[in-house]
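The block underneath contains the structure these notes are about, expressed in structure tokens.
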Amino acid sequence: MDVATSSSVPSPWWLALETWELRVFEDRRSRLARGDASFPFLDSSLLSPLLPRTLGPAKRYSREPAASPRELGESSRAPICTARVMAASYPQIVLFGDSIFQGAIDPVDGFSFQAALQSKVNRRYDVINRGLSGYNTSNALAVLPQVFSPPGPGVPKIEYLFILLGANDACIQLPTNHQHVPLDKYKINLRRIITHPTISAHKPKIFIITPPPLDQIRITELDLASGHPSATRHAKISASYSEAVRQVAAENPGVTLVDLWKAVMDAAIKKTPAFDPNGPPLGYPEGQRGYLEHLLPDGLHLSSESYRIFYDLVSSFIDSNDEDRVLPEWRSAPWLEEDAYLKG
Numbered sequence: 001m002d003v004a005t006s007s008s009v010p011s012p013w014w015l016a017l018e019t020w021e022l023r024v025f026e027d028r029r030s031r032l033a034r035g036d037a038s039f040p041f042l043d044s045s046l047l048s049p050l051l052p053r054t055l056g057p058a059k060r061y062s063r064e065p066a067a068s069p070r071e072l073g074e075s076s077r078a079p080i081c082t083a084r085v086m087a088a089s090y091p092q093i094v095l096f097g098d099s100i101f102q103g104a105i106d107p108v109d110g111f112s113f114q115a116a117l118q119s120k121v122n123r124r125y126d127v128i129n130r131g132l133s134g135y136n137t138s139n140a141l142a143v144l145p146q147v148f149s150p151p152g153p154g155v156p157k158i159e160y161l162f163i164l165l166g167a168n169d170a171c172i173q174l175p176t177n178h179q180h181v182p183l184d185k186y187k188i189n190l191r192r193i194i195t196h197p198t199i200s201a202h203k204p205k206i207f208i209i210t211p212p213p214l215d216q217i218r219i220t221e222l223d224l225a226s227g228h229p230s231a232t233r234h235a236k237i238s239a240s241y242s243e244a245v246r247q248v249a250a251e252n253p254g255v256t257l258v259d260l261w262k263a264v265m266d267a268a269i270k271k272t273p274a275f276d277p278n279g280p281p282l283g284y285p286e287g288q289r290g291y292l293e294h295l296l297p298d299g300l301h302l303s304s305e306s307y308r309i310f311y312d313l314v315s316s317f318i319d320s321n322d323e324d325r326v327l328p329e330w331r332s333a334p335w336l337e338e339d340a341y342l343k344g
């Protein structure tokens, strides 16, 4: 009976899906029994009740026979017809780093770093956020093969790669914190990331970013309140990790430095009238917070204002050539010349 014309009460969606899973499983089992290892991908007779019926003719893809009934879905509720209906990928701009990149998607006081960057490159690139809160460079290296795929069919090309790691590497080793990576190993890890074979195979434009300044005065307040015996981060030590990024960038031709530390500190100094250039830097325990109070509210992470500074810095390295749009501007699209659109 055609469900669309049935006058009966429709079955719940989950029951329809279970029935469909069983049909697909039985069809697959009978094909394997006949020695047929092909799989009827989106065969109209086996379409999921949750998918539209206008997905086009059936296609057949060769697959190895499943090794066990579990792989066939016999003991799983997950549909074994894993059709992925999704938009084609554009070339990518990848943001790879820690919580500063993870938080770049969030709208802070009406501004989102990632949304602003995507708006700038819309129709040309997809901005992919792989910010991983709490990660240091050793963690990033460990998961790099899961984050990046080698070039190949169906794998979008990485055009720009922005790497921001180091704020967690620079943590003080404490019984209550184990994120620290020694400075020398930090530099080695950065080099291993930017020269990793999977990344090199994409031939992206690579940018390494200095961690922002640290407001140790604020960090100390929050860390003590959280139960740490002392501050988990020191401004002077964090600054040495930013300097290490500058060194790694200088040693590796083809890698571009993005100096977030300098940009944020310069903005803070400019808006701190009482700042003494001969005194301690802003955020150091023997000095003052100054305007870092507004740029780094918790002493570490960026405010809306500092994310805007960061955006201006990063976006300046991305070309603004609208001629390389993935799909043409509608006034110059091929169908206007060939009348293909009107012909259907």
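Under the UniProt record's numbering, the first residue of the sequence shown carries the number 1, and numbering increases by one thereafter.
Positions of the beta carbon are idealized from the N, C-alpha and C atoms, including for glycine.
Model, not experiment: these values are computed from the prediction.
In the DSSP assignment, the residues bridged to LYS205 are TYR160.
Rounded to whole angstroms, the gap between the alpha carbons of ASN177 and GLY299 is 17 Å.
Taken through DSSP and simplified to helix, strand or coil, ASP215 comes out as coil. For GLN92, the enclosing beta strand (DSSP E) covers residues 92-97.
If you check the CB distance, ALA274 and LEU295 do not come in under 8 Å. Sequence-distant Cβ neighbours of TYR90 in its own chain, meaning closer than 6 Å and more than five residues away, are TYR125, ASP126 and VAL326. Assignment of beta-bridge partners to PHE111 by DSSP yields VAL108. The three-state secondary structure of THR220, taken from DSSP, is helix. For THR272, same chain residues with a beta-carbon under 7 Å away, outside a window of 5 residues either side, are LEU282, GLY290 and TYR291 in chain order. If you draw a straight line from the Cα of ASP106 to the Cα of LEU144, it is about 24 Å long. Under the DSSP definition of a beta bridge, VAL143 lacks any partner.
A distance below 8 Å separates the beta carbons of ALA249 and ILE208.
Around the beta carbon of SER242, 16 or more other beta carbons lie within 10 angstroms, which makes this residue buried.
Rounded to whole angstroms, ALA201 and PRO151 show a C-alpha spacing of 7 Å.
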